[in-house]
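Numbering (our numbering), first residue to last: 857 to 1131.
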């Protein structure tokens, strides 16, 4: 299995573009997958530099309904004439961020994309084939990031806390390897892992995705304590972790301090092979 980071908040080197967002190209024996499309068309430029043929993608997934993961939807459909994009039915909700300075920002998807004929909506868990299981509806609040407290959804003119029912995760099986792909892991990577493990009697080998820890705490000690607790739980699973995007540099370094080589960062331009 080959995983290429087409977009991230950090770049591997100067030849790649970086911006706030996420996009992975995943190649398996049976599929060429796009998981998220970043905030705009920039992921296409990195794909070109990496030799990734976006026109050849045969299936795509959107992790959740935020612009930094689905803002590139239009660009993807223009570059690819065949693949459907699978997402949760609630992905086109009206989502907002309440910033610490009092500013309220719309962070949802481009509304005009909602009726696109190649978007496939799902409610809850679904299976594409023997190698692709998608799941949503994650519950539990263990190691839950307080950065989520600033994220809301408009319901009948009122902003209520986002419960991330629009978030979905990808479980890929290739040979004897099982890989979990998350976007931001808003529901908490520990809670997501718990549900992922219900789909497979075998342990999960690798976990890839953001953990939404950037700007989670203003107090450095609080962030350090949180990361120590999270790292202990992640190490207990025995998985290898590859993080990115909304984990943030500070939280990543704290996790790396505890987890050593069990966690790595996938910047834009990174290529990972799991076999």
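Backbone N, C-alpha and C define an ideal beta-carbon position, used for all residues, glycine too. Bear in mind the structure is a predicted one, so any value in this text is a computation, not a measurement.
Starting from residue i, follow its DSSP beta bridges and name the residues at the other end.
| i | result |
| --- | --- |
| residue 1030 | 1033 |
| residue 935 | Note: residue 935 sits in no beta bridge, so no partner. |
| residue 961 | 953 |
| residue 915 | 889 and 940 |
| residue 988 | 985 and 1028 |
| residue 1124 | 867 |
| residue 1009 | 951 and 1016 |
| residue 1098 | 1064 and 1120 |
| residue 1106 | Note: residue 1106 sits in no beta bridge, so no partner. |
Report, in whole angstroms, the separation of the C-beta atoms of residue i and residue j, which I expect to be a contact under 8 Å.
| i | j | result |
| --- | --- | --- |
| residue 978 | residue 924 | Not really, about 21 Å apart at Cβ, beyond 8 Å. |
| residue 890 | residue 913 | 5 Å |
| residue 892 | residue 868 | No, residue 892 and residue 868 are not in contact; Cβ-Cβ is about 18 Å, not under 8 Å. |
| residue 1015 | residue 952 | 6 Å |
| residue 1086 | residue 1111 | 7 Å |
| residue 976 | residue 942 | 5 Å |
| residue 1122 | residue 864 | 7 Å |
| residue 974 | residue 933 | 6 Å |
Can you list, in chain order, the residues of its chain with a C-beta nearer than 7 Å to that of residue i? Leave out the 5 residues immediately preceding and following it.
| i | result |
| --- | --- |
| residue 980 | 992 and 993 |
| residue 970 | 948 |
| residue 1094 | 1059 |
| residue 998 | 1044, 1046 and 1047 |
| residue 1120 | 1098 |
| residue 897 | 928 and 931 |
| residue 1017 | 1008 |
Excluding the 5 residues flanking residue i on each side, which residues of the same chain have their C-beta closer than 8 Å to its C-beta?
| i | result |
| --- | --- |
| residue 1068 | 1001, 1003, 1004, 1040, 1041, 1042, 1102 and 1103 |
| residue 1061 | 1033, 1034, 1035, 1095, 1096 and 1130 |
| residue 996 | 1043, 1044, 1046, 1047 and 1050 |
Would you mind sorting residue i into buried or exposed? The rule is 16 or more other CB atoms within 10 Å of its CB.
| i | result |
| --- | --- |
| residue 1023 | buried |
| residue 1035 | buried |
| residue 972 | exposed |
| residue 857 | buried |
| residue 960 | exposed |
| residue 1038 | buried |
| residue 1132 | Because the chain is modelled from 857 through 1131, residue 1132 falls outside the range shown and cannot be assessed. |
| residue 962 | exposed |
| residue 1099 | buried |
| residue 894 | buried |
| residue 935 | buried |
| residue 1066 | buried |
| residue 1116 | exposed |
| residue 1077 | exposed |
| residue 939 | buried |
Among the options, whose alpha-carbon lies nearest the alpha-carbon of residue i?
| i | options | result |
| --- | --- | --- |
| residue 862 | 884, 910, 934 and 1014 | 910 |
| residue 968 | 1079, 950, 1121 and 956 | 950 |
| residue 1021 | 944, 1114, 932 and 882 | 944 |
| residue 1080 | 1106, 1036 and 901 | 1106 |
| residue 1027 | 1018, 1049, 930 and 1013 | 1049 |
| residue 946 | 964, 988 and 886 | 964 |
| residue 879 | 1061, 1070, 904 and 926 | 926 |
| residue 957 | 1131, 1011, 1006 and 1057 | 1006 |
| residue 1031 | 885, 1062 and 866 | 885 |
| residue 915 | 990, 1064 and 895 | 990 |
| residue 1131 | 1029, 974 and 1011 | 1029 |
| residue 1114 | 1083, 984 and 1033 | 1083 |
| residue 1055 | 933, 899, 1078 and 1025 | 1025 |
| residue 899 | 929, 996, 1096 and 954 | 929 |
| residue 1010 | 1075, 954, 904 and 1076 | 954 |
| residue 983 | 1052, 933, 1012 and 1089 | 1052 |
| residue 883 | 1090, 908 and 939 | 908 |
| residue 1089 | 874, 870 and 1118 | 1118 |
| residue 988 | 870, 1092, 887 and 1108 | 887 |
| residue 1063 | 1075, 1091, 1057 and 1074 | 1091 |
Note down, in chain order, each residue of its chain lying with its Cβ closer than 6 Å to the Cβ of residue i, except the 5 sequence neighbours on either side.
| i | result |
| --- | --- |
| residue 872 | 902, 1124 and 1125 |
| residue 1072 | 1001, 1002 and 1003 |
| residue 1070 | 1102 and 1104 |
| residue 920 | 1022, 1023 and 1039 |
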